[in-house]
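A.B. asks: Take a look at this one; I'll ask things after.
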Amino acid sequence: MEETPQHCLSRLPDNSALKQQELPAHRLYFTARRVLFVFFTTGIFCLCMGIILILSARSTQEIEINYTRICANCAKLRENASNFDKECTCSIPFYLSGKMMGNVYMYYKLYGFYQNLYRYVRSRSNRQLVGKDVKAVEDCAPFKMSDNKTPIVPCGAIANSMFNDTIILSHNINSSVQIKVPMLKSGLTWWTDKYVKFQNPSSKNLADEFRGTTKPPNWPKPIYDLDKKDPRNNGFLNDDFIVWMRAAAFPTFKKLYGRLNRTHHFIEGLPAGNYSFNITYNFPVTRFQGEKSVVLSTLTWCGGNSLFLGLAYTVTGAITWLASFAMMAIHITLKNKQMSFFHQ
Amino acid sequence: MERIVKANDREYNEKFQYADNRIHTSKYNILTFLPINLFEQFQRVANAYFLCLLILQLIPEISSLTWFTTIVPLVLVITMTAVKDATDDYFRHKSDNQVNNRQSEVLIDSKLQNEKWMNVKVGDIIKLENNQFVAADLLLLSSSEPHGLCYVETAELDGETNLKVRHALSVTSELGADINRLARFDGIVVCEAPNNKLDKFMGILSWKDSKHSLNNEKIILRGCILRNTSWCFGMVIFAGPDTKLMQNSGKTKFKRTSIDRLMNTLVLWIFGFLICLGIILAIGNSIWESQIGDQFRTFLFWNEGEKSSVFSGFLTFWSYIIILNTVVPISLYVSVEVIRLGHSYFINWDRKMYYSRKATPAEARTTTLNEELGQIEYIFSDKTGTLTQNIMTFKRCSINGRIYGEVPDDLDQKTEITQEKEPVDFLVKSQADREFQFFDHNLMESIKMGDPKVHEFLRVLALCHTVMSEENSAGELIYQVQSPDEGALVTAARNFGFIFKSRTPETITIEELGTLVTYQLLAFLDFNNTRKRMSVIVRNPEGQIKLYSKGADTILFEKLHPSNEVLLSLTSDHLSEFAGEGLRTLAIAHRDLDDKYFKEWHKMLEDANAATEERDERIAGLYEEIERDLTLLGATAVEDKLQEGVIETVTSLSLANIKIWVLTGDKQETAINIGYACNMLTDDMNDVFVIAGNNAVEVREELRKAKENLSGQNRNVSNGHVVCEKKQQLELDSIVEETVTGDYALIINGHSLAHALESDVKSDLLELACMCKTVVCCRVTPLQKAQVVELVKKYRNAVTLAIGDGANDVSMIKSAHIGVGISGQEGLQAVLASDYSFAQFRYLQRLLLVHGRWSYFRMCKFLCYFFYKNFAFTLVHFWFGFFCGFSAQIALDTSYWTFINHVFIWGSIAIYFSILFTMHSNGIFGIFPNQFPFVGNARHSLTQKCIWLVILLTTVASVLPVVVFRFLKVNLYPTLSDQIRRWQKAQKKARPPSSRRPRTRRSSSRRSGYAFAHQEGYGELITSGKNMRAKNPPPTSGLEKTHYNSTSWIENLCKKTTDTVSSFGQDKTVKL
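Chains A and B, in that order, give the protein sequences.
When we follow the UniProt record's numbering, the leftmost residue of the first sequence carries the number 1, and every step to the right adds one.
When we follow the UniProt record's numbering, the leftmost residue of the second sequence carries the number 1, and every step to the right adds one.
As structure tokens, then:
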């Protein structure tokens, strides 16, 4: 109400660029020259990138063998859950026409398996898997406890449904000599999974540590007995287990099963010739109308043999070029029109 | 409903439970704050929606997100709003307290006691002193002035600064200041119930077995200021919220912007869209469960019994509603509020809206309306104090064909000259008014040379007026003016040596260049609206009888003697020149009267005065008769000083297609004059319609005529009052509106407006008004101002802004979409009611065209981006639903999304990634393995080259189409700003920027209004001597002095005012 002149200074707003809204501003002005330049260069870049990607994808080799139907008898057997203790093996011969150079990876691939269902994804206990408290099973419904109220280790639907086929690749040098292709079961997981997310309880004897718990209902053997040959590959640190526990985002997915140990005969990769997969068929897929296959593949710097990215780049590049030509045409006609308008 | 009040009897009045004098403008108190505020807040769609979501999330079956993702932002939003509401209300409490605790003297137990305003009760008698605010609506009982007169300033009520006279009943004025008698006063007032009509009051006072009727002249309203009256006593009739001031203040409404409404509808649509998505996904889930999910039970069985796929779909529906809720994110509302708050600060910080003379920065008092400023279509402006400074200055004059006063050869250089030039040294420095300055020395020289015409001219100015003089304690001469125009003229004469000293009913004493001269006042030919002139007939000491006249040039020029022709044409030219500068002009003339002729005329005047029939007509005829064959002396030009930069602001705002309506309590002539001065009215206009009908039928006819005129002959509007055609007409006219070419203006006064605002004429008025470029409403009450605003708001669907400075603008400010108060003035009401306040009208330009525009642009950009972002983010889940068996599994992690949105700077990628990496880090996983199972995701995915290639490709594919679109748009369909930018570029290339074109001078034809803002009747007041102090006893009646019956003038005055009031009232009842 009463204005006193002493207030003058304090009430005058600061003269800073921010307060006066005078910060430097830049407005993109789309001149023809700039736009066309950007478009041509982007087009060229995309086309080149696309071609490179396609070429490198084409250089990879991949073999996929769907063994759902081939091992039909085993599939049939597994449809009935009561036959869980009957072993069923199945051998699938195939011919590798060209040799696979470099690192070769073996995957199993499942079709129609919904590892991304909401309740399924939730059904695990990270606290248990990190080895802190093996009896922490709160989040694992519906696989928390066995019927006699002992906590399941590893609990939850994910762990319970672990892929448990055994796949052995053999090289048939001739009709009588079969060599088992050496596969490494290590290095299949992310580093963080193996060293941070999954940890065994500290004790030397795993079986002691897991006392008072029970195995998941679908599992034939307990968690500390997964790999009889390599004791370090047991418990929560089993590579196959870790790979499985990283739930896939789509119902069709492949997971790494092993990688070629490049020694002796296979130092350069897989030579061409006759091979066969010997599969111990445990994992039922026909029950939910799923399918499974085994994949052998090499990799390049940009991943596997997917052409998608390369094609996408090529198409984008082409469209960019077309667009830039169209814009150039429009711009030139307009300019001529304007010129003639001014000359009049 | 009527009100009965007994003086000095609190017990009696308590029976009726009248409101006491405490006012509440606040909304809450401590106890009611929480429930009322929460209730108000949950009425907002968004808040209610999030409350529902929160409840859904608390159900574990369907909760796909944790509950705190909703409750944290919701609580944040509600707390922020509540804190803001609380502070606002705190300040209202404070200002209420300040008003309620003002002191006034109340007569309690036969003693005058100091009492707080809030404790004043109806029926109390209170004493007011000079320059005090009136505490409540009072019935004037007695005053220090003779005859129980008192003067009040009503600026707070109607914006007029001239003084108004109120007078007590003669029976009560006898009470004087006698406390004992006042304490025994036990009159009973029966009057109308509280209402908002400022110029109307009906009541009866019963006292001592007789009844006296009361009208508006006996009432002093709350908000007035007592002036020139050392004390007065009044009885409280209406108190607190019942007073006319408070009744006029209008309700505070919750203001929303159009973006708010748009947002609400958008949110509703999106909500519908969300439901659709939910239904699709739920159906998908049911199908999936029955087709595929059934077989998947080996790995994932339902643990509690069998559940049907339909039920699972039902649950999925709710889960998806929660997951997809981010399409209508609560952060939208928070962010919008924050952005608006930022814009408000930009307004507060703006140095270009800082008025250094009063040290007043602009202030955004409401922070939620900024973008609406860019959408204003109509501005309703008050006149006095907003457009004008309410300072009248005598600028120039033309005497006997010669112009005096500065000659502005170029408008731009004018100010510089003013600063360089020495103001004139006035003759009698001691008596001169210090604020008056004049820059032309020629006039002073002419006076010194003794030019008789110049002397006569100044004599007219000093004699022909209604000003009262007074000496203050320092012995300085003070003029009490009824209108600032007259004040300017008399002050000018004073400074040039013709000093008006004092007056009695029969004489006027002036000091002419140092010598005291007393003129006998023989007759006073008062002003009225039709005459548009005022004359006095005086006898000078030499015994000559002279008639001095001043008035509107158009009227006065017809009365001139034919011999004046040469001078007339010369003076006409000068008048045109004055008008071109927006000055108010008056012509000055005189006539020498023959003694005998005057006596005859005077006799006839007395007869006419005594007559009962056709009195007014006969008097008017006699006035006509004597005011002829005048000799022209010259003309004056008075400037009603506009606020700085008003003209430029008005011009640029109308360039922006914003229509400006002037709503003023002032007189029609004054308002029109200002209209011309601000360039709102120009002579290039095709037509200016004046609606001044006195009853509904006349108003209707005038409106219709104006409309016909406007829409041309091709449309013939039927004469009848067919209501059913109205709608059709409205549609027709809205088409016409587009096609109306040329500029029109509408001028309407308060009485006509009252009729025009009635339901069936309303649309006519609105159509006409909207077709006009300028609308001026004069003599309007505060409530009418609000009604006009409401009318435009309701039927035009336009965004309106009201700007004003006084309490009379409060209701208009409150009802417009945006109210602007002029701050740095005395009164604070307008500012307190406003949404924005600043010190000068011209800042409106920056507020609307810069801040409003930017605000709107930014808000639009923000909203577009926000909706895009949310859709992009949310639809991923929809799409992912098709892959995960519609099981409401989220593809991306949303739990921290809202968190990031709110707490950190939006869009800051650096922070986003640091959070991402933290949440994906080993450490946090080690602590909360179940809550943060993301360890390694980011690290491993971002190390793949493939991912970067995909990101790159996506960026290219998203950006390039936009670039193409923008490029083509600029090329093919350039907007105005694109063209201007291109032009600027070309200019820059061609040559350095050329200097600005010199401004052309405004050309305007001559117009003159007798723009004195005073009322008819003051002439009688003066000649009767009723307003003279008792210390100047009226001398024995002069020889040929006009003699009126001593009470007649008051009755006349009353009659005139009540006539208009009652006729107004009658019309009203007829209409109803």
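We treat Cβ as the ideally placed atom computed from N, Cα and C, and that holds for glycine.
1. Whole angstroms is fine: what's the gap from residue 846 of chain B's alpha carbon to residue 840 of chain B's?
2. Nearest by alpha-carbon distance to residue 878 of chain B: which of B:957, B:388, B:750, B:322 is it?
3. Quick one, are the C-beta atoms of residue 762 of chain B and residue 791 of chain B less than 8 Å apart?
4. Which runs of the alpha helix (DSSP H) fall wholly inside the stretch 17–98 of chain B and span at least 4 residues, in chain order?
5. Determine whether the Cβ of residue 925 of chain B lies closer than 8 Å to any Cβ atom of chain A.
6. Name the chain A residues whose beta carbon is nearer than 7 Å to that of residue 945 of chain B?
7. If distances are taken between C-alpha atoms only, which option among B:224, B:189, B:217, B:200 comes closest to residue 207 of chain B?
8. Please list, in chain order, the residues of the stretch 318–333 of chain A that have any C-beta partner in chain B closer than 7 Å.
9. Report yes or no: is there a C-beta of chain A within less than 8 Å of the C-beta of residue 936 of chain B?
10. Tell me which residue opens and which closes the beta strand (DSSP E) that residue 57 of chain A is part of.
11. Note down, in chain order, every chain B residue with its Cβ under 7 Å from the Cβ of residue 190 of chain A.
12. When burial is assigned at 16 or more other CB atoms within 10 Å of the CB, is residue 468 of chain B buried or exposed?
13. Check the Cβ-Cβ distances between residue 836 of chain B and every residue of chain A, and say whether any is below 8 Å.
14. Once DSSP output is grouped into helix, strand and coil, what is the label at residue 16 of chain A?
15. What number of angstroms, rounded off, separates the C-alpha of residue 525 of chain B from the C-alpha of residue 628 of chain B?
16. What is the DSSP secondary structure of residue 140 of chain A, reduced to helix, strand or coil?
17. Are the C-beta of residue 213 of chain A and some C-beta of chain B separated by less than 8 Å?
18. Shorter than 8 Å from the beta carbon of residue 312 of chain A to some beta carbon of chain B?
19. Count the other CB atoms, across all protein chains shown, that sit within 10 Å of the CB of residue 418 of chain B; report buried if there are 16 or more and exposed otherwise.
20. Which two residues bound the contiguous beta strand (DSSP E) that contains residue 274 of chain A?
21. Rounded to whole angstroms, what's the CA-CA distance from residue 316 of chain B to residue 280 of chain B? Just pull it up for me.
22. Determine the chain B residues that contact residue 197 of chain A at a beta-carbon separation under 9 Å, and present them in chain order.
23. Residue 734 of chain B: buried (16+ other C-beta within 10 angstroms of its C-beta) or exposed?
24. Can you tell which of B:689, B:552, B:671 has its C-alpha closest to the C-alpha of residue 637 of chain B?
25. According to the Cβ coordinates, are residue 219 of chain B and residue 801 of chain B closer than 8 Å?
26. Let me see if you follow: with CB-CB separation under 8 Å, is residue 13 of chain A close to chain B or not?
27. Compare the C-beta of residue 349 of chain B against all C-beta atoms of chain A and say whether one is closer than 8 Å.
28. Can you tell me whether DSSP reads residue 646 of chain B as helix, strand or coil?
29. Taking buried to mean at least 16 other C-beta atoms within 10 Å of its own C-beta, is residue 1074 of chain B buried or exposed?
30. Measuring straight from C-alpha to C-alpha, what distance separates residue 747 of chain B and residue 480 of chain B?
31. Do the stretch 114–129 of chain B and the stretch 5–13 of chain B touch if we need at least three Cβ pairs shorter than 8 Å?
32. Using the beta-carbon count (16 or more within 10 Å), is residue 102 of chain B buried or exposed?
33. Report the rounded CA-to-CA distance for residue 397 of chain B versus residue 511 of chain B, giving the unit in angstroms.
34. Could you have a look at residue 771 of chain B and say whether DSSP puts it in helix, strand or coil?
35. How close, in whole Å, do the beta carbons of residue 545 of chain B and residue 522 of chain B come, if the pair is a contact with beta carbons under 8 Å?
36. By DSSP, does residue 186 of chain A sit in helix, in strand, or in coil?
C.D. replies: Result, derived from the coordinates:
1. Rounded to whole angstroms, residue 846 of chain B and residue 840 of chain B show a C-alpha spacing of 11 Å.
2. It is B:322.
3. Yes, the pair counts as a contact, with Cβ atoms nearer than the cut-off.
4. Every unbroken stretch of the alpha helix (DSSP H) spanning 4 or more residues and falling wholly within the stretch 17–98 of chain B is given here in chain order: 30–41, 45–57.
5. Interface residue (Cβ-Cβ distance to chain A less than 8 Å): residue 925 of chain B is classified as such.
6. The contacting residues are 301, 302.
7. Closest option to residue 207 of chain B, Cα to Cα, is B:189.
8. 320, 323, 327, 330, 331: these are the residues of the stretch 318–333 of chain A whose beta carbon lies less than 7 Å from some beta carbon of chain B, given in chain order.
9. True, the Cβ-Cβ gap to chain A drops below 8 Å.
10. Counting along the chain, no beta strand (DSSP E) covers residue 57 of chain A; the unbroken alpha helix (DSSP H) around it starts and ends at 32–59.
11. Near residue 190 of chain A (Cβ distances below 7 Å), the residues of chain B are 936, 940.
12. Residue 468 of chain B is buried by the Cβ-count criterion.
13. With 8 Å as the cut-off, residue 836 of chain B does not count as an interface residue toward chain A.
14. In the structure shown, residue 16 of chain A sits in coil (DSSP, three-state: anything other than H, G, I, E or B).
15. So the alpha carbons of these two residues sit roughly 13 Å apart.
16. Residue 140 of chain A: helix per DSSP, three-state reduction.
17. It does not: the Cβ of residue 213 of chain A has no partner Cβ on chain B nearer than 8 Å.
18. At a cut-off of 8 Å between beta-carbon atoms, residue 312 of chain A makes contact with chain B.
19. Confidence at residue 418 of chain B is low in this model, with a pLDDT of 44, below 50, so its placement is unreliable and no value can be given for it.
20. Under the DSSP assignment, residue 274 of chain A falls in the beta strand (DSSP E) whose first and last residues are 273–280.
21. A straight-line Cα-Cα distance of about 10 Å links residue 316 of chain B and residue 280 of chain B.
22. Against chain B, a Cβ distance below 9 Å from residue 197 of chain A picks out 922, 925, 929, 933, 935, 936.
23. Confidence at residue 734 of chain B is low in this model, with a pLDDT of 45, below 50, so the placement of that residue is unreliable and no value is reported for it.
24. Of the listed residues, the one whose Cα sits closest to residue 637 of chain B is B:552.
25. Their beta carbons are not under 8 Å apart, which means residue 219 of chain B does not touch residue 801 of chain B by this criterion.
26. Interface residue, yes.
27. Yes, residue 349 of chain B counts as interfacial toward chain A.
28. Helix, per DSSP.
29. A query on residue 1074 of chain B cannot be resolved here, the shown segment of chain B reaching from 1 to 1072 and no further.
30. Cα-Cα distance, rounded: 31 Å.
31. Judged by Cβ distances under 8 Å, the stretch 114–129 of chain B makes contact with the stretch 5–13 of chain B, as three or more pairs qualify.
32. Classification of residue 102 of chain B: exposed, given that the 10 Å Cβ count is below 16.
33. Taking the CA atoms as reference points, residue 397 of chain B sits about 21 Å from residue 511 of chain B.
34. Here residue 771 of chain B sits in helix by DSSP.
35. About 7 Å separates the two Cβ atoms, so the contact holds.
36. In this structure, residue 186 of chain A counts as coil in the three-state DSSP scheme.
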